[in-house]
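Report on the structure given below.
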Amino acid sequence: MSNLKKILLNKNPCKSIWFMRQAGRYLPEFQNIRSKNKDFIKLCLNSELSSEITLQPIKRFDLDSAIIFSDILMVPYALGQNVKFTKGLGPKLSDFNLKEFLKNKENNFSNKLSPIYKAIDITRRKLVKDKSLISFIGAPWTLIVYMLNIKEKKEEINLQKLDNSKELIDQIIATLINFLCIHIKNQINAGADVVQIFDSWAGLVPDENLNDFCFTPNEKILHFCKQQKIPAICFPKGIKEKYEDFNKIVKPDGINLDSEIDPVWAKKNLKNVVIQGGLNPNILLKEDEDIIEGATKYIQTFQGTPYVFNLGHGLLPETDPDKVSKLINFYRNFDG
Ligand code: CP3
Numbered sequence: 000m001s002n003l004k005k006i007l008l009n010k011n012p013c014k015s016i017w018f019m020r021q022a023g024r025y026l027p028e029f030q031n032i033r034s035k036n037k038d039f040i041k042l043c044l045n046s047e048l049s050s051e052i053t054l055q056p057i058k059r060f061d062l063d064s065a066i067i068f069s070d071i072l073m074v075p076y077a078l079g080q081n082v083k084f085t086k087g088l089g090p091k092l093s094d095f096n097l098k099e100f101l102k103n104k105e106n107n108f109s110n111k112l113s114p115i116y117k118a119i120d121i122t123r124r125k126l127v128k129d130k131s132l133i134s135f136i137g138a139p140w141t142l143i144v145y146m147l148n149i150k151e152k153k154e155e156i157n158l159q160k161l162d163n164s165k166e167l168i169d170q171i172i173a174t175l176i177n178f179l180c181i182h183i184k185n186q187i188n189a190g191a192d193v194v195q196i197f198d199s200w201a202g203l204v205p206d207e208n209l210n211d212f213c214f215t216p217n218e219k220i221l222h223f224c225k226q227q228k229i230p231a232i233c234f235p236k237g238i239k240e241k242y243e244d245f246n247k248i249v250k251p252d253g254i255n256l257d258s259e260i261d262p263v264w265a266k267k268n269l270k271n272v273v274i275q276g277g278l279n280p281n282i283l284l285k286e287d288e289d290i291i292e293g294a295t296k297y298i299q300t301f302q303g304t305p306y307v308f309n310l311g312h313g314l315l316p317e318t319d320p321d322k323v324s325k326l327i328n329f330y331r332n333f334d335g
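No gaps in the numbering here: position 147 of the sequence shown is 146 in numbering that gives the first Met the number 0, and each next residue is one more.
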């Protein structure tokens, strides 16, 4: 059993470290591959290259877990929406069509994503046994933000768009849950051993919709994972003190803190769950002393408890890999 799976299932307090967005973005060896592969979706569907990129941070830093190189938007892609990544602008999806969306069939969906499953298979064979291979999905709400193009500015949503479409969103969520569970199961069957559920835009859900758009969909997916004995880590980014309700309702095996959450508060209020992450990724752009000070706070707070070292969001594209290496060494050599 992988180190991460042991921590999640047996609450084993051994050390474990990996980073969100560790594959891609900031690594020169990734940029080299990316510069020769202009179409991002095609790159995600190239099983050999996806596996190679997944293993790049493992080779460089010997991290405890690998996360498969893919994207949360591969699901809307497989469900019929065109997905385009333009530098500086973020992802752009073609207009959503409910009628077409509801016509999707399981077989076709799994076939379209089969290169991802092949990449997982290739990677699992190359990865030593005690390292986890993490699969992932975007939670329904976060996918819908992109699918319906709800987010107009950087951190803001069009509430009116939302008011007029509550029923539509409920309908999309129900269908998405079905396909997301299939995608989780396919990834686990291919050789992944943990799933991380990114609800990166949970913080944009209006309070009155938090149950319907965030808690309940995550809970339903967790229910499926428990039935299938798949360890799952949730990341409801930006919901502040509602992390406590989220944890009580959804009951994930692991919960990733965002950088706004005070680790001392989390230790006191998030029960029966393995805590992961929290350190602000911006700290890696600062001096070594700042990095060490920031990391120490998390390591000391969670000492003796099953804590997985990670960040409060993904590694930033401008991160210097040497700083990542220093942080890993510091964490590994820390003995109180
Ligand atoms: O962790 C990893 O490195 C594995 C691969 C991974 C990617 N995206 C590759 C990627 C993972 C786990 C994701 C998750 C993802 N994708 C999330 C949830 C996590 C988070 O950061 O909040 C979200 C919201 C997306 C959607 C997405 N994909 C956006 C907003 C963008 C553009 C900006 C960016 O780089 O984040 C992407 C593109 C993307 N996904 C890139 C990579 C390496 C950059 C593509 C490029 O090189 O242009």
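A virtual CB, placed ideally from N, CA and C, is assigned to each residue, including glycine.
Task: Reference Phe197, options Ile187, Phe214, Asn188 and Ala189, closest by Cα - done: Phe214
- [ ] Could you have a look at Gly89 and say whether DSSP puts it in helix, strand or coil?
- [x] strand
Open item on the list: Just list the residues that DSSP pairs Tyr306 with in beta bridges.
Closed with: Ile274
Task: Ser64 burial status per 10 Å Cβ neighbour count (16 or more: buried) - done: With 16 or more other Cβ atoms within 10 Å, it is buried.
Open item on the list: Measuring CB atoms only, is the segment 58 to 72 touching the segment 31 to 48, in the sense that at least three cross pairs come out at less than 8 Å?
Closed with: yes
Open item on the list: What would DSSP say about Gly137, mapped onto helix, strand or coil?
Closed with: strand
Open item on the list: Taking the beta strand (DSSP E) that Asp244 belongs to, which residues open and close that run?
Closed with: Premise fails: Asp244 lies in the alpha helix (DSSP H), Tyr242 to Val249, not in any beta strand (DSSP E).
TODO: Report yes if the C-beta of Lys296 is less than 8 Å from at least one heavy atom of the ligand CP3; otherwise report no.
DONE: no
Open item on the list: Measuring straight from C-alpha to C-alpha, what distance separates Cys180 and Phe223?
Closed with: Using only the alpha carbons, I get a separation of about 7 Å.
Open item on the list: Using a 10 Å radius around the Cβ and a threshold of 16 neighbouring Cβ atoms, would you call Ala173 buried or exposed?
Closed with: Its Cβ having fewer than 16 others within 10 Å, Ala173 is exposed.
Task: Delimiting residues of the beta strand (DSSP E) encompassing Ile66 - done: Ser64 to Ile66
Open item on the list: Please classify Asn332 as buried or exposed, where buried requires at least 16 neighbouring CB atoms within 10 angstroms.
Closed with: exposed
TODO: Buried or exposed for Pro262, please, with buried defined as at least 16 other CB atoms from any protein chain shown within 10 angstroms of its CB.
DONE: With 16 or more other CB atoms across the displayed protein chains lying within 10 angstroms of its CB, Pro262 is buried.
TODO: Check Ser109 in the structure and name its three-state DSSP category.
DONE: The answer is helix: DSSP assigns Ser109 an H, G or I state.
Task: Proximity below 9 Å, CB of Ile136 to CB of Val193 - done: no
Task: Counterpart residues of Asn255 in DSSP-defined beta bridges - done: Gln275
Task: Extent of the continuous alpha helix (DSSP H) to which Pro262 belongs - done: Pro262 to Asn268
TODO: Return the first residue and the last residue of the alpha helix (DSSP H) that Gln299 is part of.
DONE: Asp287 to Thr300
Open item on the list: Could you check if Arg124 belongs to the surroundings of the ligand CP3, using beta carbon to heavy atom distance under 8 Å?
Closed with: Result no, Cβ not under 8 Å from the ligand CP3.
- [ ] Output the distance between the C-alpha atoms of Leu26 and Ile291, rounded to the nearest integer angstrom.
- [x] 22 Å
- [ ] Would you check whether the ligand CP3 has a heavy atom nearer than 8 Å to the C-beta of Trp140?
- [x] no
TODO: Give the straight-line distance between the Cα atoms of Leu88 and Asn157, rounded to the nearest whole angstrom.
DONE: Going by the C-alpha atoms only, they are around 18 Å apart.
TODO: Report, in whole angstroms, the separation of the C-beta atoms of Leu356 and Gly190, which I expect to be a contact under 8 Å.
DONE: For the chain, the structure presents residues 0 to 335; residue 356 sits outside this window and is missing.
TODO: Look at the alpha carbon of Glu51 and the alpha carbon of Thr122, and state the distance between them as a whole number of angstroms.
DONE: 8 Å
- [ ] Report, in whole angstroms, the separation of the C-beta atoms of Lys160 and Ile149, which I expect to be a contact under 8 Å.
- [x] At roughly 6 Å, the Cβ-Cβ gap stays under 8 Å, so Lys160 and Ile149 are in contact.
Open item on the list: Distance check for Lys37 and Ile375, CA to CA, integer angstroms please.
Closed with: No statement about residue 375 is possible, as the shown extent of the chain runs from 0 to 335 and does not include it.
Task: Alpha carbon of Asn268 to alpha carbon of Glu288, nearest angstrom - done: Cα to Cα, the separation comes out at about 29 Å.
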